[in-house]
Amino acid sequence: MSEHQTKKLDMNRRGMPKQLPEVRKHNFSEVALGYPLEIAVEEAKRCLQCKKSNCVSKCPVEINIPEFIQAIAEKDFSSGIRILKEKNCLPAVCGRVCPQEEQCEEACVLKKKGGQIAIGRLERFLADWEAEQTKLEMPKILPPTGRKVAVVGGGPAGLTVAGDLIKLGHGVTIFEALHRLGGVLFYGIPEFRLPKVIVSREVEYLKKLGVEIITDYVVGKTRTVDSLLEEYDAMFIGSGAGLPWFMNIPGENLNGIYSANEYLTRMNLMKGFLFPQYHTPIKKHRKVAVIGGGNVAMDCVRTAQRLGAEARIIYRRSRIELPARLEEIENAEEEGIIFDFLTLPIRYLGDENGWVKGIEVIKMELGEPDSSGRRRPIPIKGSETIFPVDAVVCAIGNSPNPLIPASTRGLEIGKNGNIIADEETGKTSRERVWAGGDVVTGAATVILAMGAGRKASRSIHEYLCSPGNW
Amino acid sequence: MHKLVESKMIVPNIFLLTLEAPAVAREVKPGQFVILRVEEDGERIPLSVADWDRVKGTITIVLMNVGYTTDKLASLKAGASIPTVVGPLGNPTEIDKFGTVLCLGGCYGMGSLFPIVRGLKEKGNRVVAVLEARSSYLFYWEKKFEEISDRVFYITRDGSRGYPGHVGRLPEIIKFSGESVDRMIINGCTFLLKRGSDVSRESGIKTIVSLNPIMIDGTGMCGVCRVTVGSSTKFACVDGPDFDGHQVDWKELLQRRKMYLEEEIVPLRTSRCEEHKKESR
Numbered sequence: 001m002s003e004h005q006t007k008k009l010d011m012n013r014r015g016m017p018k019q020l021p022e023v024r025k026h027n028f029s030e031v032a033l034g035y036p037l038e039i040a041v042e043e044a045k046r047c048l049q050c051k052k053s054n055c056v057s058k059c060p061v062e063i064n065i066p067e068f069i070q071a072i073a074e075k076d077f078s079s080g081i082r083i084l085k086e087k088n089c090l091p092a093v094c095g096r097v098c099p100q101e102e103q104c105e106e107a108c109v110l111k112k113k114g115g116q117i118a119i120g121r122l123e124r125f126l127a128d129w130e131a132e133q134t135k136l137e138m139p140k141i142l143p144p145t146g147r148k149v150a151v152v153g154g155g156p157a158g159l160t161v162a163g164d165l166i167k168l169g170h171g172v173t174i175f176e177a178l179h180r181l182g183g184v185l186f187y188g189i190p191e192f193r194l195p196k197v198i199v200s201r202e203v204e205y206l207k208k209l210g211v212e213i214i215t216d217y218v219v220g221k222t223r224t225v226d227s228l229l230e231e232y233d234a235m236f237i238g239s240g241a242g243l244p245w246f247m248n249i250p251g252e253n254l255n256g257i258y259s260a261n262e263y264l265t266r267m268n269l270m271k272g273f274l275f276p277q278y279h280t281p282i283k284k285h286r287k288v289a290v291i292g293g294g295n296v297a298m299d300c301v302r303t304a305q306r307l308g309a310e311a312r313i314i315y316r317r318s319r320i321e322l323p324a325r326l327e328e329i330e331n332a333e334e335e336g337i338i339f340d341f342l343t344l345p346i347r348y349l350g351d352e353n354g355w356v357k358g359i360e361v362i363k364m365e366l367g368e369p370d371s372s373g374r375r376r377p378i379p380i381k382g383s384e385t386i387f388p389v390d391a392v393v394c395a396i397g398n399s400p401n402p403l404i405p406a407s408t409r410g411l412e413i414g415k416n417g418n419i420i421a422d423e424e425t426g427k428t429s430r431e432r433v434w435a436g437g438d439v440v441t442g443a444a445t446v447i448l449a450m451g452a453g454r455k456a457s458r459s460i461h462e463y464l465c466s467p468g469n470w
Numbered sequence: 471m472h473k474l475v476e477s478k479m480i481v482p483n484i485f486l487l488t489l490e491a492p493a494v495a496r497e498v499k500p501g502q503f504v505i506l507r508v509e510e511d512g513e514r515i516p517l518s519v520a521d522w523d524r525v526k527g528t529i530t531i532v533l534m535n536v537g538y539t540t541d542k543l544a545s546l547k548a549g550a551s552i553p554t555v556v557g558p559l560g561n562p563t564e565i566d567k568f569g570t571v572l573c574l575g576g577c578y579g580m581g582s583l584f585p586i587v588r589g590l591k592e593k594g595n596r597v598v599a600v601l602e603a604r605s606s607y608l609f610y611w612e613k614k615f616e617e618i619s620d621r622v623f624y625i626t627r628d629g630s631r632g633y634p635g636h637v638g639r640l641p642e643i644i645k646f647s648g649e650s651v652d653r654m655i656i657n658g659c660t661f662l663l664k665r666g667s668d669v670s671r672e673s674g675i676k677t678i679v680s681l682n683p684i685m686i687d688g689t690g691m692c693g694v695c696r697v698t699v700g701s702s703t704k705f706a707c708v709d710g711p712d713f714d715g716h717q718v719d720w721k722e723l724l725q726r727r728k729m730y731l732e733e734e735i736v737p738l739r740t741s742r743c744e745e746h747k748k749e750s751r
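Chains as they are written, first to last, in the numbering used here: chain A, 1 to 470; chain B, 471 to 751.
Written as structure tokens, this is what we have:
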């Protein structure tokens with residue numbers, strides 16, 4: 001008899017305590033409160049400790065999931081966090097924003113009966129537990145190799161590369177364009193989903209490991225890739241998807257129409273909600289429409305509501321096609337966000353001072369599936385209507401940032417402006433240069449960027465151990 | 471941190487700041503800008519670079535005191551430090567052998583215009599500089615302009631120096647001078663850029679303007695600096711800041727620049743009150 005059959009199956013996936021919708025929609029504090037210790041242990045004890053663990057193979061950074069869960073079940077949290085950090089330098093972040101339902105938890109054998117282990121919540125539990133300890137356990141760092149790596153961009157991909165390579169004894173310098181590290185973790189994801197103190201803590205940890213950090217430094221402008229390569233043995237580019245898309249419809253440059261990046265940056269990086277204590281203003285609008293259906297759109301619409309607006313999502317397909325995580329959609333629904341599905345903006349109307357005052361939309365119906373496999377939305381003639389808004393946030397995606405592709409010789413660029421990099425190693429067409437994350441794939445998730453960083457750091461390490469062997 | 475080496479008011483309400491920023495000083499070219507933050511809670515604002523010293527690692531900025539952040543900057547004394555000076559951002563002004571170039575500058579734009587004139591002269595162009603101000607006491611760097619330009623003309627609103635009136639006098643100036651202008655470059659406030667472009671449109675002179683919309687990151691990420699040029703939307707930070715003045719949608723740009731007018735004043739008022747309270751205690 002295997003252990004599986006002897007152990008009584010506990011299918012009760014422990015719920016995540018959250019701030020109540022009525023309360024949280026008026027504040028910027030974190031929505032999900034985290035498992036209390038006993039609940040975490042109970043949840044961990046449900047894990048069947050499968051011999052062939054599907055969850056691990058579905059994890060982009062290959063965390064040894066059953067082992068860290070076992071440690072929680074045994075209340076040996078310091079071992080748990082050590083196991084976690086072997087593969088993931090940002091567990092507090094990933095435990096919050098990873099789409100576990102499509103990755104590790106999707107592969108859990110208990111999923112068939114709807115009782116998959118809450119792996120993400122347990123990951124978060126361990127990271128938060130560690131943060132409360134007075135003594136931070138430092139990992140083993142190999143003796144210095146004398147090799148130097150430049151990491152361009154302090155987002156999830158770059159932080160992963162830095163964390164991996166510093167432990168292997170290489171010198172690492174991160175060059176960040178903004179004044180704070182974290183990339184999208186800092187400027188993009190709102191406080192109520194990922195408190196900035198957590199991002200800062202993870203960055204501080206890297207500093208303690210010896211990573212050198214240079215902020216306010218735009219590689220491609222302040223100094224070119226070519227010039228940096230004279231000083232560094234290898235370079236990783238993780239400069240992200242920083243060029244927002246607009247729909248190119250009439251009136252889109254009216255005042256009060258933002259890109260998601262601008263809206264979120266004003267809020268998160270520049271702390272606009274604390275204006276005038278912080279000096280970057282953000283307008284308090286009354287009726288805000290957010291265009292798009294991804295996680296970023298959910299972040300924008302929930303931010304707008306917390307600033308006191310009547311906030312709605314305008315999405316051209318239906319609810320099941322929403323690309324956002326189900327958890328975020330449900331959170332938004334609970335908070336009273338209005339969803340206008342099968343609706344497409346076609347024009348914005350302005351007042352005499354150039355401020356947006358209305359939006360004209362057309363209703364859509366779903367036709368045959370398109371290349372993405374989702375049913376193509378088709379406009380219904382004659383269904384145009386106009387409704388009033390005083391702000392619009394366009395959250396329909398980003399292109400890779402153009403500064404490095406435009407200023408670097410010999411770097412192969414794809415048709416969307418993305419850097420071409422090998423999927424397994426992250427190697428670009430330029431010798432000694434690796435790339436990963438959104439600048440390669442276009443806008444994607446935090447964990448995929450970290451996964452790309454992991455693969456690249458492995459390849460960089462191999463190269464640094466036998467240079468000349470590109 | 472970036473140390474302020476020098477700070478002075480050069481004419482009423484216009485300030486010259488020299489800052490330590492070796493990485494910027496090493497790379498900067500005429501027409502580029504930096505983004506700076508004056509304190510940790512501060513906003514990010516773009517300012518054109520008016521000069522630099524690659525050896526000393528310093529850059530010079532000419533700014534007008536118009537809102538909260540520029541007021542803070544203007545009030546800093548030499549020796550103080552600010553947390554962010556990032557750049558050089560934007561594309562440099564195109565400098566080539568064009569023939570005769572008319573360089574038009576007004577208020578803070580006279581500063582950033584200067585290195586462009588210098589660059590144009592180095593390339594062997596004939597440069598006619600035209601400086602515009604409300605009154606004669608608002609000109610600065612005239613000597614520098616007179617030293618390197620082939621000719622310098624002045625326009626003042628009150629007629630206290632050079633031609634009385636505004637940029638509308640430009641066609642007369644050109645006619646009087648007998649110069650055949652191949653290109654015009656304008657640096658200054660948005661009104662000057664617009665009016666200068668209106669004037670040159672009739673005579674068909676290619677006109678390059680350096681736009682100064684609101685920005686946050688200055689690297690293409692936020693899109694607040696978007697401007698309609700011809701029939702397409704451009705981002706001034708990565709596609710500009712220089713554009714063809716005859717193609718810019720000026721009405722839209724002027725409206726977009728006013729987006730936070732109210733908020734620029736609010737913290738100024740409240741902080742002034744706070745300072746006043748402190749003093750009176």
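Every residue, glycine too, gets a C-beta built ideally from N, C-alpha and C.
- Shown here for proline 558 of chain B: same chain residues with a beta carbon closer than 6 Å to its own, the five before and five after excluded, namely Val494, Glu497, Val498, Gln502 in chain order.
- At least 8 Å separates the beta-carbon of alanine 234 of chain A from that of leucine 20 of chain A.
- The residue from B:Asn483, B:Phe623, B:Ile552 with its alpha-carbon nearest to that of glycine 575 of chain B is B:Phe623.
- For lysine 75 of chain A, there are no neighbours in chain B by C-beta distance under 9 Å, as the nearest C-beta there is about 41 Å away.
- Taking CB atoms only, tyrosine 348 of chain A has no neighbour in chain B less than 8 Å away.
- Under the Cβ criterion of 8 Å, methionine 270 of chain A is counted among the residues facing chain B.
- Our two residues, threonine 530 of chain B and alanine 435 of chain A, have alpha carbons roughly 36 Å apart in a direct line.
- A direct Cα-Cα distance of roughly 26 Å separates isoleucine 378 of chain A from alanine 444 of chain A.
- Of the candidates A:Leu84, A:Val152, A:Val301, A:Val301 places its Cα closest to the Cα of tyrosine 263 of chain A.
- Look at the beta carbons and you see the stretch 296-312 of chain A touching the stretch 327-345 of chain A: at least three pairs across the two are nearer than 8 Å.
- Contact residues of the stretch 510-537 of chain B toward chain A are Asp511, Gly512, Glu513, Arg514 (C-beta to C-beta distance below 8 Å).
- Residue pairing by DSSP puts cysteine 573 of chain B in a beta bridge opposite B:Ala599, B:Ile655.
- At a cut-off of 8 Å between beta-carbon atoms, glycine 693 of chain B makes contact with chain A.
- Inclusion of glutamate 490 of chain B and lysine 542 of chain B in the CB contact set at 8 Å is not warranted, their separation being larger than that value.
- For threonine 222 of chain A, the chain B residues whose C-beta falls within less than 8 Å of its own C-beta are Ala493, Val494, Glu497, Val556, Gly557, Pro558, listed in chain order.
- Only Val708, Glu722, Gln725, Arg726, Met729, Tyr730, Glu733, Val736, Pro737 from the stretch 704-738 of chain B bring a Cβ to less than 7 Å from some Cβ of chain A.
- Within the stretch 149-185 of chain A, the complete beta strand (DSSP E) runs of at least 3 residues fall at 171-175.
- Around the beta carbon of valine 389 of chain A, 16 or more other beta carbons sit within 10 angstroms, so the residue counts as buried.
- Counted as a single uninterrupted DSSP element, the stretch harbouring glycine 114 of chain A is not any alpha helix (DSSP H), since DSSP gives it neither H nor E.
- In this structure, DSSP gives arginine 639 of chain B a helical state, which the three-state scheme calls helix.
- Between isoleucine 678 of chain B and aspartate 714 of chain B, the gap from beta carbon to beta carbon is short of 8 Å.
- Identification of chain A residues near arginine 696 of chain B by a Cβ-Cβ cut-off of 7 Å yields Asn253, ordered along the chain.
- Against glycine 242 of chain A, the close residues of chain B are Asp687, Thr689, Gly690, Met691, in the order they occur along the chain (beta-carbon pairs closer than 8 Å).
- No Cβ-Cβ contact shorter than 8 Å links histidine 179 of chain A with aspartate 511 of chain B.
- Neighbours of threonine 563 of chain B in chain A, taken as residues whose beta carbon is under 8 Å from its own, are absent, since the nearest beta carbon is some 15 Å off.
- Contact check for valine 597 of chain B against aspartate 628 of chain B fails: the beta carbons are separated by 8 Å or more.
- Counting only unbroken stretches of 3 or more residues, the beta strand (DSSP E) elements lying wholly within the stretch 345-371 of chain A are 356-369, in sequence order.
- Arginine 201 of chain A: member of the alpha helix (DSSP H) spanning 196-209, first to last residue.
- Taking CB atoms only, proline 553 of chain B has a neighbour in chain A less than 8 Å away.
- Close partners of threonine 539 of chain B in chain A (Cβ separation under 7 Å): His279.
- Neighbourhood of alanine 177 of chain A in chain B, by CB distance below 9 Å: Val556, Asp687, Gly688, Thr689, Met691, in chain order.
- The Cβ-Cβ distance between lysine 221 of chain A and leucine 403 of chain A falls below 8 Å.
- The beta carbon of tyrosine 217 of chain A sits closer than 8 Å to some beta carbon of chain B.
- Here the alpha carbon of proline 369 of chain A sits roughly 5 Å from the alpha carbon of arginine 376 of chain A.
- The criterion of a C-beta distance shorter than 8 Å is not satisfied by arginine 96 of chain A and leucine 33 of chain A.
- DSSP, read as helix, strand or coil, puts isoleucine 338 of chain A in strand.
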